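Participant:
Residue numbers (the UniProt record's numbering): 1 to 330.
1) Based on Cα-Cα distance, which residue from 296, 111, 168 and 131 lies nearest to residue 81?
2) By the DSSP assignment, the alpha helix (DSSP H) with residue 127 in it spans what residues?
3) Can you tell me where the beta strand (DSSP E) holding residue 53 begins and where it ends?
4) Looking only at C-alpha atoms, which of 184, 199 and 185 sits nearest to residue 191?
5) Once the 5 residues before and after residue 145 are set aside, which same chain residues still bring their CB inside 7 Å of it?
6) Would the beta-carbon of residue 138 fall within 8 Å of that of residue 276?
7) In this structure, does DSSP put residue 146 in helix, strand or coil?
8) Is the Cβ-Cβ distance between residue 204 and residue 183 less than 8 Å?
9) State buried or exposed for residue 96, treating a residue as buried only when at least 16 other CB atoms are found within 10 Å of its CB.
10) Taking all protein chains shown into account, do 16 or more other C-beta atoms lie within 10 angstroms of the C-beta of residue 65, making it buried, or fewer, making it exposed?
11) If you draw a straight line from the alpha carbon of residue 177 to that of residue 52, how long is it in whole angstroms?
12) Helix, strand or coil: how does DSSP classify residue 133 here?
13) Suppose contacts are defined by Cβ-Cβ distances below 8 Å. Is residue 288 in contact with residue 213 by that definition?
14) With burial defined as no fewer than 16 other Cβ atoms inside 10 Å of the residue's Cβ, what is the status of residue 68: buried or exposed?
15) Comparing C-alpha positions only, which one of 142, 232 and 297 sits nearest to residue 261?
16) Which residues share a DSSP beta bridge with residue 107?
17) Are the CB atoms of residue 117 and residue 148 within a distance shorter than 8 Å?
18) Using the rule of at least 16 other Cβ atoms within 10 Å of the residue's Cβ for burial, across every protein chain shown, is residue 232 buried or exposed?
19) Determine the extent of the beta strand (DSSP E) in which residue 230 is found, giving its start and end residues.
20) Look up residue 324 in the DSSP assignment and say whether it is helix, strand or coil.
21) With C-beta atoms as the reference, is residue 33 less than 8 Å away from residue 131?
22) Sort 228, 247, 245 and 246 by Cα distance to residue 239 and report the nearest one.
23) According to DSSP, is residue 156 helix, strand or coil?
24) Do residue 299 and residue 317 have their C-beta atoms within less than 8 Å of each other?
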């Protein structure tokens, strides 16, 4: 990879720093990434950014690395009496001249929720992020093209939701199904003096969600099913699978709070989806974050197979610092 001109990088850094310094609610982000099987400069990523910069009803973000300059803007609107709208747009310009644009909108109106997104790019996702191939959500790894997706959800009842969606671009497909959710409760022991004839008090300990549906399109046809569990403590488990005449696939994840002390978080995931044409068929990762000083230290290991069938892995270490955490001068 050709190294970006130093002047260009310093200018972008100055702009990002100026945006961050203008608002105390912003967060500074620092990160170092390395992907195996590549030269240090080609497989590495040094990134500095600022996020959550308020600007009216919107929030801004900006970042610069040895690969690209990035920017994003997002915001939300209330739609009385029973609706809301959230908009987000992200862009990246690589030093090779490639561009990536990714707008997304989500909204709710009564029992209906809609999420619509798209992408236009003339640079591969791995040109911006060396570990983009192995995220839990599948990433389009083509060097150029476009993609779009939508998901619509309709709440049929308190515990039942109908789902309809589609993905378009490299592999057109659609899916439909239903989700059933049940809260888990436990009976509280009676307090001294309670009337034994009254109904005992209960508290919610978590929830279980069951999913059943179907997915059909180019290169994929099958029945889908899944289950997820979420505890009040923050522990969550999810497992989804697809089975059909063309093969099968599965995606699982585990998130746990406080594995390394209070305030820390950890997540493990693995995804095997050989039917996806433009994404890595096998993706796995382990992520952890924990408080460190005034900020948060994070680390991640990701790996798997690329779309071409080659294996690899990468490591990322980052630190996020809220600007309000800086000690005030007397």
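Even glycine gets a Cβ: it sits at the ideal position worked out from N, Cα and C.
From a predicted model like this one, the values you see are computed outputs, not experimental measurements.
Facilitator: Let's see:
1) Residue 81 has its Cα closest to that of 111, out of 296, 111, 168 and 131.
2) 125-128 is the extent of the alpha helix (DSSP H) around residue 127.
3) In this chain, the beta strand (DSSP E) harbouring residue 53 covers 44-55.
4) Of the listed residues, the one whose Cα sits closest to residue 191 is 199.
5) Non-local beta-carbon contacts of residue 145 in its own chain, meaning distances under 7 Å to residues more than five positions away in sequence, involve 121, 169 and 170 in chain order.
6) Yes, the Cβ-Cβ distance between residue 138 and residue 276 is below 8 Å.
7) The three-state secondary structure of residue 146, taken from DSSP, is strand.
8) Residue 204 is a Cβ neighbour of residue 183, given a cutoff of 8 Å.
9) Residue 96 is exposed by the Cβ-count criterion.
10) Residue 65 should be labelled buried.
11) If I take the Cα positions, the gap works out to 35 Å.
12) Helix at residue 133.
13) With respect to residue 213, residue 288 sits apart: the two C-beta atoms are not nearer than 8 Å.
14) Here residue 68 is buried. Its C-beta has 16 or more other C-beta atoms within 10 Å.
15) The option with the nearest alpha carbon to residue 261 is 297.
16) Bridge partners of residue 107: 85 and 114.
17) Residue 117 is positioned such that its CB atom lies closer than 8 Å to that of residue 148.
18) Under this definition residue 232 is an exposed residue.
19) Taken as a continuous stretch (DSSP letters only), the beta strand (DSSP E) holding residue 230 covers 220-231.
20) In the three-state scheme derived from DSSP, where H, G and I count as helix and E and B as strand, residue 324 is classed as helix.
21) By the CB criterion at 8 Å, residue 33 and residue 131 fall inside the cutoff.
22) Nearest option by C-alpha distance: 228.
23) When secondary structure is reduced to three states using DSSP, residue 156 falls in the coil class, being assigned neither helix nor strand.
24) Contact: yes.
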